[in-house]
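If you read the sequences in order, they're chains L and Y. Sequential numbering from 2 applies to the first sequence in our numbering. Sequential numbering from 2 applies to the second sequence in our numbering. From the three backbone atoms N, C-alpha and C, an ideal C-beta is built for every residue, glycine too. Contents: one structure, followed by commentary.
There are 2 protein chains.
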Amino acid sequence: MARPPQFDRSEILEKATQLFWEHGYRGASVSDLVKATGLLPGSIYASFGNKEGVFIACLEYYSVKLEGNREQFERESSPLTVLRNFFFAVVEQSADGDDRRGCFLVNASLECGESETAIKSKVRGCLSQNETWLRDQLEAARQVGELSEDTDTTKLAACLTGAMFGFRVMSRAQEDSNKIRDMATATFECLMTPWQQVAI
Amino acid sequence: MARPPQFDRSEILEKATQLFWEHGYRGASVSDLVKATGLLPGSIYASFGNKEGVFIACLEYYSVKLEGNREQFERESSPLTVLRNFFFAVVEQSADGDDRRGCFLVNASLECGESETAIKSKVRGCLSQNETWLRDQLEAARQVGELSEDTDTTKLAACLTGAMFGFRVMSRAQEDSNKIRDMATATFECLMTPWQQVAI
DNA sequence: ATTATTATTGAATGAATGTTCAATAAAATA
DNA sequence: TATTTTATTGAACATTCATTCAATAATAAT
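Laid out in structure tokens, this is it:
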């Protein structure tokens, strides 16, 4: 009994995400959003409530995409290989000289403060989802015998998350690509080696 | 032959830094700056050129303070102890539940993009200064025999820098204090242990 | 075809943004 | 003391900000 939206939501979110990712939440204005998406203010406010609403929808959109990204690696390999492949895929993305936007979630986490409560909690949720996936993967590796029995998978997942945050920041700071690669590789090896089981 | 400034520059910078640290570069307006410092717009623009100039002066101010912070640890201990003490001082600051502002430099690094060129390069300079200090400290430790001869101190300094970025981000993301402490401790041990020499 | 409901339009809103400026005040030199 | 130089004042600047709204268009159900 009503007119349906004329636009493709995920197409709009893709464009909005690119905009926010490049300029940040505060750095991208509603006019920029209008230009980037082709939607007029009225439509934007009718669909997302306000600018913060658009941003949170973008965070969700990005997070879902990231989830798909992780699942993509889960096909054929052992848990540890899946984990390693995902980790180094992020490393490569962070080391890419032509794209130094870092991680949309990490950027948002540092840009937004106590005043943007809804954003903060959304970011927190998405980041912890990623960390939980890492832990699940480590746990699976432990079950399968790729990691030693006494591996503290929760703590290890936190360490890996921290390491990833680290080179996400380095990526933004425009560090040398090889430096990022080297430091990420070394850190990964240092963190994982103590728990890895030698195949018999 | 002229009237001297009426304000104490470092007092102003202290207040401005606190403001920017809490709200970010874009999140703090010039009016906020006026309120926080007590200076009127004209004085601010006469002294710092523009808002970006104030921010860059704050980055410098913070960086110098950080340098003093590092030197404070250099008094009585061995290079490795100095390094460890500094590292865990930052950990404790990051884990402090009442102050989750993270690192002013890291925050600025993620908030500011390609449009704020001057800020980006200032941040880069300050961060690399810290990393260089870490490397020097590691190098001293190697010379003294606290670390093995074949320690790649440059790469290790990069790894430690990344680790610190990591828990700076976690601090902002409002993670549990003990989680931050645990992950930082574990990461530090993993990174350092392979190179540490056992005393004979 | 009529009606109810929602989407889109695009101008308008008031508040806030960073910055400028002429006037004034204060200090240091001559 | 007179002069020069710089600092401070506080209002005013144009611009941009996020948001609203009455008018219009489009759809689905009656």
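Taking a contact to mean a Cβ-Cβ separation below 8 Å, would you say residue i touches residue j in this structure?
| i | j | result |
| --- | --- | --- |
| Y:GLY28 | L:ARG27 | yes |
| Y:LEU157 | Y:LEU128 | no |
| L:LEU81 | L:GLU147 | yes |
| Y:SER95 | Y:PHE168 | yes |
| L:GLY103 | L:ARG173 | yes |
| Y:TYR62 | Y:LEU20 | no |
| Y:TYR138 | Y:VAL83 | Residue identity differs from the one stated: residue 138 of chain Y is Gln in this sequence, not Tyr. Cβ distance < 8 Å, so Y:GLN138 and Y:VAL83 count as in contact. |
| Y:LYS123 | Y:LEU60 | yes |
| Y:ASN108 | L:LEU111 | yes |
| L:ARG71 | L:PHE87 | yes |
| Y:ILE120 | Y:ILE45 | no |
| L:LEU106 | L:SER64 | yes |
| Y:GLU23 | L:GLY25 | no |
| Y:GLY98 | Y:SER178 | yes |
| Y:CYS160 | L:ALA187 | yes |
Identify whether residue i lies in helix, strand or coil by the three-state DSSP scheme.
| i | result |
| --- | --- |
| L:GLN198 | coil |
| L:LEU67 | helix |
| Y:GLU81 | Looking at the sequence shown, residue 81 of chain Y is not Glu but Leu. In the structure shown, Y:LEU81 sits in a helix (DSSP, three-state: H, G or I). |
| Y:LEU148 | strand |
| L:GLN130 | helix |
| L:TYR26 | coil |
| Y:PHE105 | helix |
| L:PHE88 | helix |
| Y:CYS113 | coil |
| Y:ASP153 | coil |
| Y:PHE168 | helix |
| L:PHE8 | coil |
| Y:ALA3 | coil |
| L:GLN19 | helix |
| L:LEU41 | coil |
| Y:GLY163 | helix |
| L:PHE189 | helix |
| Y:GLN94 | helix |
| L:GLU61 | helix |
| L:ASP33 | helix |
| Y:ARG143 | helix |
| Y:GLY54 | helix |
| L:ALA205 | No answer is possible for residue 205 of chain L: the residues shown for chain L start at 2 and end at 201. |
| L:ASP99 | coil |
| Y:GLU75 | coil |
Going along chain L, which residues have a C-beta under 8 Å from residue i?
| i | result |
| --- | --- |
| Y:LEU128 | ALA174 |
| Y:GLY103 | LEU111 |
| Y:ASP183 | LYS156, ALA159 |
| Y:PRO195 | CYS191 |
What does residue i touch in chain Y if you count any residue whose Cβ is under 9 Å from its own?
| i | result |
| --- | --- |
| L:ASN108 | LEU111, GLU112 |
| L:LEU192 | ALA187, THR188, CYS191, LEU192 |
Which residues in chain L have a C-beta closer than 7 Å to the C-beta of residue i? List them in chain order.
| i | result |
| --- | --- |
| Y:LYS180 | ALA159 |
| Y:PRO6 | Residues of chain L passing the Cβ test: none, with the nearest at roughly 31 Å. |
| Y:ARG125 | ALA174, GLN175 |
Name the chain L residues whose beta carbon is nearer than 9 Å to that of residue i?
| i | result |
| --- | --- |
| Y:GLU23 | GLY114, GLU115 |
Contact set between the segment 25-42 of chain Y and chain L, restricted to residues whose Cβ is under 8 Å from the partner: Taking a C-beta cut-off of 8 Å against chain L, the contacting residues of the segment 25-42 of chain Y are GLY25, ARG27, GLY28, listed in chain order.
Mind checking the segment 154-173 of chain Y against chain L and listing, in chain order, the residues whose C-beta falls within less than 7 Å of any C-beta there? Cβ contacts with chain L come from LYS156, ALA159, CYS160, GLY163, ALA164, PHE166, GLY167, PHE168, VAL170, MET171, ARG173.
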